[in-house]
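Undergrad: There's a structure below that I have some questions on.
There are 2 protein chains.
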Amino acid sequence: MNREDLYSQIRLKSSFLCIGLDTDIRKIPAFLLKEKNPVATFNQAIVEATHDLCVAYKPNIAFYEAMGSQGWKSLEKTVDCIPPELFTIADAKRGDIGNTSELYAKTFFEYLPFDAVTVSPYMGADSILPFLAFPDKWVILLASTSNPGSLDFQHLKLEGKPLYQHVVEKALKWGEPDRLMFVAGATRPEVIGSIRKLAPDHFLLVPGIGAQGGSLAEVSQHGMNSSCGLLVNASRSIIYAGSEKDFQQKARKAALTLQREMEDMMHYHLLQ
Amino acid sequence: MNREDLYSQIRLKSSFLCIGLDTDIRKIPAFLLKEKNPVATFNQAIVEATHDLCVAYKPNIAFYEAMGSQGWKSLEKTVDCIPPELFTIADAKRGDIGNTSELYAKTFFEYLPFDAVTVSPYMGADSILPFLAFPDKWVILLASTSNPGSLDFQHLKLEGKPLYQHVVEKALKWGEPDRLMFVAGATRPEVIGSIRKLAPDHFLLVPGIGAQGGSLAEVSQHGMNSSCGLLVNASRSIIYAGSEKDFQQKARKAALTLQREMEDMMHYHLLQ
């Protein structure tokens with residue numbers, strides 16, 4: 001999917017919501033456990049209930065890998081059930097030497113038809129460029145993450161600038177705004193602002209609202225650009241909103257609450 | 273497996289060789305393609321031919337993931353066929369927020385019974401500690417990798433010290449030498465020396481000899497400690513040494529050449 005199609009979806013739905021399909025079989029409604037593939041059935045139900053309110057889905061691959069070959073089947077079925085107009089992100093945080101990154105790219109772009117994959121920058125250019133060689137596919141590079149440990153290395157001032165800024169500046173040479181996004185955690189809105197300054201046109205994928213405590217208003221204030229430029233992710237607060245027969249309605253209600261806040265933010269920042 | 277058992281294997285075999293099972297179905301002998309699971313059959317043959325010459329096997333997970341659920345089955349079968357006295361490393365380069373790293377740890381330590389997993393440090397403490405919570409299991413943390421892109425970020429300096437040294441220094445607080453190793457690429461032996469100074473007792477996993485050009489003698493000179501303290505990996509130069517019916521003998525011969533060099537290095541550095 002290209003950037004224009006993504007922005008069209010954002011305008012159409014007045015939403016920049018990404019729903020994280022971090023589906024843990026121990027947390028889904030118990031009555032689904034009798035299904036042949038409970039995780040895929042649950043995800044399909046979540047997608048059915050929410051796809052008109054969000055523009056992207058982001059399965060975190062750890063949750064599928066933890067179930068081995070069965071988990072990969074669930075992931076395949078999940079990707080299959082997402083309507084093609086939605087942007088799909090494999091949250092895999094991969095990155096390895098060139099020939100190996102190429103295999104990871106094939107996994108998430110060919111074997112599975114994801115639009116984007118999250119990549120860790122530690123190993124540098126040749127670990128990232130193989131992903132960017134796939135036409136119409138995206139790299140979402142970790143810059144500043146939302147967890148406490150992000151302070152350990154990402155904010156070390158190396159040669160006068162925090163590491164995450166070095167990552168953004170170098171990566172701007174590797175990928176245009178229609179192929180590259182950055183991860184910028186909601187828990188440090190001022191950092192979102194500093195990344196936005198360095199990369200005025202690139203989309204930012206923002207985790208960390210909801211369970212992790214980030215604020216949608218602050219994220220929008222620091223991160224929105226004239227094409228929105230944001231995908232804000234929520235996972236647990238939506239997919240586990242309910243645990244009974246009405247889990248679809250509960251998930252829809254949680255997604256709708258966020259979509260309405262996003263509509264307000266877009267109105268305020270884009271139309272004023 | 274604990275550190276003492278690993279060192280026992282090293283002394284017994286006069287070898288600190290780790291064989292990388294980076295098995296690409298496009299590169300294995302053609303006659304194996306008629307097997308039900310060609311990748312697992314190939315790996316099993318390589319393990320049969322080399323297990324008395326090496327102390328560790330390291331499948332790079334990318335090569336299995338690229339084949340989806342089938343690939344995971346090959347990985348499961350591969351781990352099953354490795355004799356229990358050998359150290360097994362899932363080269364996965366994972367790392368995510370706490371609850372997600374915990375799932376990755378379960379994948380590689382419980383679902384699959386690996387002894388160790390490679391982890392990327394970018395996301396900091398809470399992305400690494402969940403792996404260290406598993407008794408008798410190991411984290412192998414990326415410090416300085418062997419690829420050209422390693423220069424992009426790992427060698428940026430803060431207060432006179434490159435990032436990879438900050439990674440090693442912080443990580444020393446998280447993991448003892450019997451639970452934590454560092455990746456130190458063979459292509460920069462002086463860097464191996466600087467990591468050895470910071471971490472005199474920790475094992476170093478060293479990729480980059482063979483196809484990538486590093487020298488075993490230089491690695492040994494800069495990295496060996498009194499308990500050897502090195503696992504040196506070779507992948508392609510061993511597993512693809514042959515492509516015909518005699519691929520097992522060719523792989524064994526390539527492994528034997530390295531084992532004999534390692535025996536010399538151990539004799540020179542440990543017994544003099």
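Line by line, the protein sequences give chains A and B. Count the first sequence with the working numbering and you get residues 1 to 272, in order. Count the second sequence with the working numbering and you get residues 273 to 544, in order. Just so it is clear, CB atoms sit at the ideal spot from N, CA and C, and this is done for glycine as well. Please read these numbers as outputs of a predicted model, since none were measured by experiment.
Which of the three DSSP states is assigned to serine 416/B in this structure?
TA: Three-state result, serine 416/B: strand.
Undergrad: In chain B, what lies closer than 8 Å to leucine 142/A by C-beta?
TA: The answer, in chain order, is Tyr394, Met395.
Undergrad: What three-state label does DSSP hand methionine 1/A in the structure shown?
TA: Three-state result, methionine 1/A: coil.
Undergrad: Among Tyr164/A, Ser146/A, Lys170/A, which has the Cα closest to the Cα of arginine 188/A?
TA: Among Tyr164/A, Ser146/A, Lys170/A, the Cα nearest to that of arginine 188/A is on Ser146/A.
Undergrad: Excluding five sequence neighbours on each side, which residues of the same chain lie with their C-beta closer than 7 Å to the C-beta of glutamate 516/B?
TA: So the list reads Pro301, once near-sequence residues are dropped.
Undergrad: From the beta carbon of leucine 23/A, is the nearest beta carbon of chain B less than 8 Å away?
TA: Per the sequence shown, the amino acid found at residue 23/A is threonine instead of leucine. By this cut-off, threonine 23/A is not an interface position.
Undergrad: When you compare the CB positions of valine 439/B and leucine 413/B, do they come within less than 8 Å of one another, or not?
TA: For valine 439/B and leucine 413/B, yes; Cβs fall inside 8 Å.
Undergrad: For serine 496/B, which three-state DSSP category applies?
TA: As written in the sequence, residue 496/B is methionine, which differs from the serine given in the question. DSSP places methionine 496/B in coil when its eight states are reduced to three.
Undergrad: Say whether chain A places a C-beta atom closer than 8 Å to the C-beta of lysine 409/B.
TA: For lysine 409/B, the answer is no, since every Cβ of chain A falls outside 8 Å of its Cβ.
Undergrad: Is DSSP giving aspartate 273/A helix, strand or coil here?
TA: An answer regarding residue 273/A cannot be provided, because it is not within the stretch 1 to 272 covered by chain A.
Undergrad: Hey, is tyrosine 512/B's beta-carbon within less than 8 Å of any beta-carbon in chain A?
TA: With 8 Å as the cut-off, tyrosine 512/B does not count as an interface residue toward chain A.
Undergrad: Among residues of its own chain, excluding the 5 on either side of phenylalanine 406/B, which ones have a beta-carbon nearer than 7 Å to its beta-carbon?
TA: If we look at phenylalanine 406/B and ignore the five residues flanking it on each side, its Cβ neighbours are Ala377, Phe381.
Undergrad: Give the DSSP-derived three-state secondary structure of aspartate 398/B in the structure shown.
TA: If DSSP states are grouped into helix, strand and coil, aspartate 398/B belongs with the helices.
Undergrad: Let me see if you follow: with CB-CB separation under 8 Å, is serine 97/A close to chain B or not?
TA: Looking at the sequence itself, residue 97/A is isoleucine, so the reference to serine does not match. Interface residue, yes.
Undergrad: Helix or strand or just coil, what does DSSP make of proline 461/B?
TA: The answer is helix: DSSP assigns proline 461/B an H, G or I state.
Undergrad: Using Cβ-Cβ distances below 8 Å, what residues of the segment 147-166 of chain A are close to chain B?
TA: Cβ contacts with chain B: Asn147, Pro148, Gly149, Ser150, Leu151, Asp152, Phe153, Gln154, Leu156, Lys157, Leu158, Glu159, Leu163, His166.
Undergrad: Pull out every residue of the segment 50-78 of chain A whose Cβ sits closer than 7 Å to any Cβ of chain B, in chain order.
TA: Answer in chain order: Asn60, Ala62, Phe63, Glu65, Ala66, Gly68, Ser69, Trp72, Lys73, Glu76.
Undergrad: Going along the chain, which residues of the segment 102-132 of chain A sit with their C-beta nearer than 7 Å to a C-beta in chain E?
TA: Absent here is chain E; the protein component of the structure consists of chains A and B.
Undergrad: Taking the DSSP output, what are the residues bridged to glycine 20/A?
TA: Glycine 20/A is bridged to Lys58/A.
Undergrad: Is it buried or exposed, alanine 217/A, if we count other Cβ atoms within 10 angstroms and call 16 or more buried?
TA: So alanine 217/A counts as exposed.
Undergrad: Under the DSSP definition of a beta bridge, which residues are partnered with methionine 181/A?
TA: For methionine 181/A, which the question treats as bridged, DSSP gives the partners Ile140/A, Phe203/A.
Undergrad: Run the CB neighbour count on arginine 366/B, radius 10 Å, all protein chains shown included, and call it buried at 16 or more, exposed below.
TA: Buried, since its Cβ has 16 or more Cβ neighbours within 10 Å.
Undergrad: Do you know how far the Cα of valine 191/A is from the Cα of phenylalanine 114/A?
TA: Those two C-alpha atoms are separated by around 28 Å.
Undergrad: Run through chain B and tell me which residues come within less than 8 Å of arginine 94/A, C-beta to C-beta.
TA: Correct list: Ala334, Lys365.
Undergrad: In terms of residue numbering, what span does the alpha helix (DSSP H) encompassing threonine 107/A cover?
TA: That residue, threonine 107/A, is in no alpha helix (DSSP H); it is neither H nor E in DSSP.
Undergrad: So alanine 45/A is in the beta strand (DSSP E); what residue range does that whole segment cover?
TA: Looking at the DSSP string, alanine 45/A is not in any beta strand (DSSP E); the run it does join, the alpha helix (DSSP H), is 38-50.
Undergrad: Please tell me whether lysine 442/B has its Cβ less than 8 Å away from any Cβ of chain A.
TA: Answer yes: the Cβ-Cβ gap between lysine 442/B and chain A drops below 8 Å somewhere.
Undergrad: For asparagine 505/B, count the other beta carbons within 10 Å of its own beta carbon; 16 or more makes it buried, fewer makes it exposed. Which is it?
TA: With 16 or more other Cβ atoms within 10 Å, it is buried.
Undergrad: Between the segment 121-129 of chain A and the segment 441-457 of chain B, do at least 3 Cβ pairs fall closer than 8 Å?
TA: Touching, no, given that fewer than three Cβ pairs across the two stretches are closer than 8 Å.
Undergrad: When the Cα of glycine 421/B is compared with those of Gly149/A, Asp96/A, Glu4/A, Ile19/A, which residue comes out closest?
TA: Ranking the options by Cα distance to glycine 421/B, first place goes to Asp96/A.
Undergrad: So, with DSSP's three-state summary, where would you put phenylalanine 134/A?
TA: Of the three classes helix, strand and coil, the one that applies to phenylalanine 134/A here is coil, per DSSP.
Undergrad: Could you compute how far the alpha carbon of glycine 292/B sits from the alpha carbon of threonine 360/B?
TA: So the two alpha carbons sit approximately 10 Å from each other.
Undergrad: If we count the other Cβ atoms within 10 Å of its Cβ and call it buried at 16 or more, is phenylalanine 303/B buried or exposed?
TA: The residue is exposed, with fewer than 16 neighbouring Cβ atoms inside 10 Å.
Undergrad: Can you tell which of Val206/A, Asn37/A, Gln212/A, Gln70/A has its C-alpha closest to the C-alpha of cysteine 228/A?
TA: Nearest option by C-alpha distance: Val206/A.
Undergrad: What whole-angstrom Cβ distance do arginine 468/B and histidine 427/B have, given they're in contact under 8 Å?
TA: Not a contact, Cβ separation roughly 17 Å.
Undergrad: Measuring only between beta-carbons, confirm whether threonine 459/B sits less than 8 Å from chain A.
TA: Not an interface residue.
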